[in-house]
Amino acid sequence: MSAPGRLTIVGGGLAGSLLALELVERGLPVTLVDAADATATALSYGGVASWAGPPGRLGSLLRQAPERWRRLQGRHGPLGWRGCGLRLHGGGWGSSLLRPPFAQVDSSVLMAALPRVLVAAGVELRRARVLAPPRPVAGGWQLELEPGGPLLAEQVVLAAGAGCRSLAPALPDRLLASWAGVLALPVRPGLSPRFASPWWRHAAGRRIVQPRHWQRPELEGAAAGLQEERWIVDAGCAPWGEGLLLGQISLVRPGLDSGVPPETAAMEGHLRQGLAGLDPLLAALPGPYRQVPVAFCTDGLPLVGPLPGAAGLWVFNGFGGAFAQVPVLAPLLADVIAGVADGASLARLGVLAG
Ligand SMILES: Cc1cc2nc3c(=O)[nH]c(=O)nc-3n(C[C@H](O)[C@H](O)[C@H](O)COP(=O)(O)OP(=O)(O)OC[C@H]3O[C@@H](n4cnc5c(N)ncnc54)[C@H](O)[C@@H]3O)c2cc1C
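First residue of the sequence shown? That's 62 in this note's numbering, and the numbers climb one at a time after it.
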């Protein structure tokens with residue numbers, strides 16, 4: 062069994078990784094345990110929608126997100142953050158090219174950089190799955206790792222994306238998970254300019270393309286009342302390293318559990334059909350199709366803070382617009398965990414689990 066004293070974060074996607082960096086900066090020894098599943102972060106468009114938060118204090122706070130990313134890159138080196146154009150479709154051509162300050166974190170660059178950045182910052186990385194909810198023991202919490210066996214930690218943060226529900230079944234019902242799918246092209250295929258569509262040119266120009274009327278937030282808001290599974294396609298694309306993400310299809314099922322992965326051939330078919338409505342050229346690109354579970358909260362407010370009645374157990378999960386929310390919320394949670402702030406800052410934002 063490992064020596065106690067360290068803080069363990071479960072989940073090495075965007076949330077767990079940025080929180081780990083904040084905690085080591087405050088002098089806490091951190092172990093980050095990650096199962097190396099397909100993460101939502103790795104397939105994300107990475108759009109930093111700092112203007113699109115929920116109304117109220119959290120929405121205002123999100124305006125700091127671009128500055129947080131600038132600071133993170135200043136401290137840790139390139140993480141994929143860059144200004145980029147955003148092209149909205151579905152409302153005519155007149156006014157819909159938004160130029161920087163819209164920004165993207167290229168998720169392919171971020172995922173490639175994170176292991177080196179985390180190790181350089183002093184985070185201990187462990188490749189393992191946490192098999193069951195943390196068990197209270199004298200001096201903290203015991204986690205059962207596969208491989209690795211028991212791990213004792215004084216404090217544990219659950220930042221495992223859609224994996225959080227099984228690690229803390231009593232999390233509030235507003236935390237759910239969807240399945241999201243994209244065509245993930247490792248290389249942008251060449252296309253003669255003569256045949257290129259306007260949308261292809263935006264993709265080649267490394268701009269994000271999105272519908273003006275984004276259906277995913279609406280689906281997430283309606284998720285709690287669903288009687289049967291529902292899917293929608295928000296046709297668009299985003300640069301992804303040397304490649305391109307074409308998406309996205311989102312599927313939500315009734316109940317708290319996202320269930321087994323949906324049938325990929327059907328999901329890919331629906332996605333390509335939706336993309337064809339935007340641009341048949343993009344819809345015919347080869348893929349492969351990939352899908353991941355994505356945690357979200359039905360009211361758009363993530364879960365950030367202590368778990369009630371479980372001293373030393375924390376949650377950092379369920380983001381809506383994670384690339385704007387996580388970089389501003391990670392420092393606040395790190396301050397509370399490190400004992401340099403009380404939980405009032407989180408309570409004011411309405412993000413506590415209790
Ligand atoms: C196609 C697509 C487009 C998106 N576009 C945007 C966008 O433009 N802007 C935006 O802000 N958001 C976007 N999102 C959403 C955003 O990517 C996610 O909300 C965010 O990345 C979630 O990060 P996370 O760290 O909470 O979870 P994840 O990235 O899913 O990471 C969770 C980690 O926990 C690990 N884990 C799970 N269970 C266990 C366990 N039991 N033991 C150990 N490890 C475990 C997994 O291996 C994984 O690495 C998009 C998502 C998708 C799929």
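Here a beta-carbon is modelled for each residue, glycine too, at the ideal position from N, C-alpha and C.
Item to complete: Count the other CB atoms, across all protein chains shown, that sit within 10 Å of the CB of W24; report buried if there are 16 or more and exposed otherwise.
Response: Residue 24 cannot be examined here, being either before or after the span of the chain that is shown, 62 to 415.
Discussion item. Residues in the same chain with beta-carbon distance under 7 Å from A395, minus the five sequence neighbours each way, listed in chain order, please.
Written reply: L80, E83, L84 and R87
Discussion item. Which residue marks the beginning of the alpha helix (DSSP H) containing F384, and which one marks its end?
Written reply: A383 to I398
Practice prompt. Use the C-beta contact count for P250: other C-beta atoms within 10 angstroms, 16 or more gives buried, fewer gives exposed.
Written response: exposed
Discussion item. So, with DSSP's three-state summary, where would you put G135?
Written reply: helix
Practice prompt. Using 7 Å as the cut-off, classify the Cβ of Y350 as near or not near the heavy atoms of ligand 1, replying yes or no.
Written response: no
Practice prompt. State the DSSP-derived secondary structure class of Q203, mapped to helix, strand or coil.
Written response: strand
Practice prompt. Please go through the region 315-354 and give each complete alpha helix (DSSP H) segment of 4 or more residues, from N-terminal end onward.
Written response: 325-339 and 341-344
Practice prompt. Compare the C-alpha of I269 against each of W301, P247 and L287 and name the closest.
Written response: W301
Worksheet item: With G366 and V376 assumed to form a contact (beta carbons below 8 Å), what rounded beta-carbon distance in angstroms separates them?
Response: 7 Å
Worksheet item: From P211 to G74, what distance separates their C-alpha atoms?
Response: 22 Å
Worksheet item: Roughly how many whole angstroms lie between the Cα atoms of A103 and F380?
Response: 15 Å
Worksheet item: Could you give the C-beta distance for V313 and E290, rounded to a whole number, given that I count them as a contact under 8 Å?
Response: 7 Å
Worksheet entry | Backbone CA spacing between G316 and G286 [nearest angstrom] | 9 Å
Discussion item. In whole angstroms, give me the CA-to-CA distance for L390 and H137.
Written reply: 18 Å
Practice prompt. Less than 8 Å between the CB atoms is what I'm expecting for A418 and Q165, so what's the real figure, rounded?
Written response: What the structure shows of the chain is the stretch from 62 to 415, and residue 418 is not part of that stretch, so it cannot be assessed.
Worksheet item: Using the beta-carbon count (16 or more within 10 Å), is D340 buried or exposed?
Response: buried
Fill in: Neighbour-count burial assignment, T69, 16 or more Cβ in a 10 Å radius
buried
Discussion item. Considering only heavy atoms of ligand 1, does any lie closer than 7 Å to the CB of L339?
Written reply: no
Worksheet item: Quick one: Cα of L410 to Cα of P197, how far?
Response: 29 Å
Item to complete: Pick out the complete alpha helix (DSSP H) segments inside the region 100-137, 4 residues or longer, and give them in chain order.
Response: 118-122 and 126-137
Fill in: Backbone CA spacing between V427 and A326 [nearest angstrom]
In the structure as shown, the chain begins at 62 and stops at 415. Residue 427 is therefore absent and cannot be evaluated.
Discussion item. Within a Cβ cutoff of 7 Å, which residues of the same chain sit near V275, ignoring the five residues on either side of it in sequence?
Written reply: Rather than Val, the amino acid found at residue 275 in this sequence is Trp. Counting only Cβ-Cβ distances below 7 Å, and skipping sequence neighbours, we find D295.
Practice prompt. Output the residue ranges of the alpha helix (DSSP H) runs that lie fully inside the region 183-266 and measure 4 residues or longer, sorted by chain position.
Written response: 225-228 and 259-265
Worksheet item: DSSP state of V412, grouped into three classes?
Response: coil
Worksheet item: At a cut-off of 7 Å, is A76 close to ligand 1 when judged by its beta-carbon and the heavy atoms of the ligand?
Response: yes
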